[in-house]
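Once you know that position 17 of the sequence shown is 17 in the UniProt record's numbering, the rest is easy, because the numbers rise by one and skip nothing. Just so you know, even glycine gets a beta-carbon here, dropped at the ideal spot from N, CA and C. Source: prediction; values computed, not measured. Remarks on the structure that follows.
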Amino acid sequence: MEGQCDHNAAAWFSEHQAAQVMTNGFVPDWFHGIISRKAAEELLVPKPPGYFLIRVSESREGYTLSYR
1 MEGQCDHNAA
11 AWFSEHQAAQ
21 VMTNGFVPDW
31 FHGIISRKAA
41 EELLVPKPPG
51 YFLIRVSESR
61 EGYTLSYR
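Below you can see the structure in the form of C-alpha cells.
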C-alpha cells in the first residue's frame with residue numbers, strides 16, 4: 001500500500017503541482033518534494049527549533065508541513 005501511495009503522490013505532484021512550486025526555474029529551499037515523514041524528521045534533527053520544510057504528503061493529495 002505504501003508504494004501505491006508514493007506513486008499516487010508522485011503522479012499528482014508531477015501532473016498538477018510541480019510547475020506551481022517552481023519560481024523562475026528554481027525550487028524554494030523549504031520545499032523537499034516527495035520524501036517520507038522519517039526522512040523529513042531526520043533532516044530536521046540537526047536544525048534549531050523553528051526550522052520547517054514542506055513535502056508532498058505520502059497518504060493523500062496535498063502537502064505536509066514538518067517542523068522542529
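Original post:
When we look at the beta-carbon of Glu2 and count the other beta-carbons within 10 Å, is it buried (16 or more) or exposed?
Top reply: Your numbering for residue 2 matches position 2 in the sequence shown. Bear in mind that the predicted position of Glu2 carries a pLDDT of just 48, short of 50, making it unreliable; the figure below should be weighed with that in mind. Answer is exposed; the Cβ neighbour count stays below 16.
**OP:** Measure the alpha-carbon distance for Pro49 versus Asn8 and round it to whole angstroms.
**Re:** The residue you call residue 49 lines up with position 49 of the sequence shown. The residue you call residue 8 lines up with position 8 of the sequence shown. Approximately 32 Å between the Cα atoms of the pair.
Original post:
Could you give the residue range of the beta strand (DSSP E) that holds Arg55?
Top reply: By one-based count along the sequence shown, residue 55 stands at place 55. Bounds of the beta strand (DSSP E) holding Arg55 are Phe52 to Val56.
Original post:
With Ser66 and Glu41 assumed to form a contact (beta carbons below 8 Å), what rounded beta-carbon distance in angstroms separates them?
Top reply: As a first step, residue 66 must be located in the sequence shown, where it is residue number 66. As a first step, residue 41 must be located in the sequence shown, where it is residue number 41. Indeed, because the Cβ distance is near 7 Å, the residues count as touching under 8 Å.
Original post:
Can you tell which of Arg68, Ser57 and Phe52 has the C-alpha that lies nearest to the C-alpha of Asp29?
Top reply: Position 29 of the sequence shown holds residue 29. Answer by Cα proximity: Phe52.
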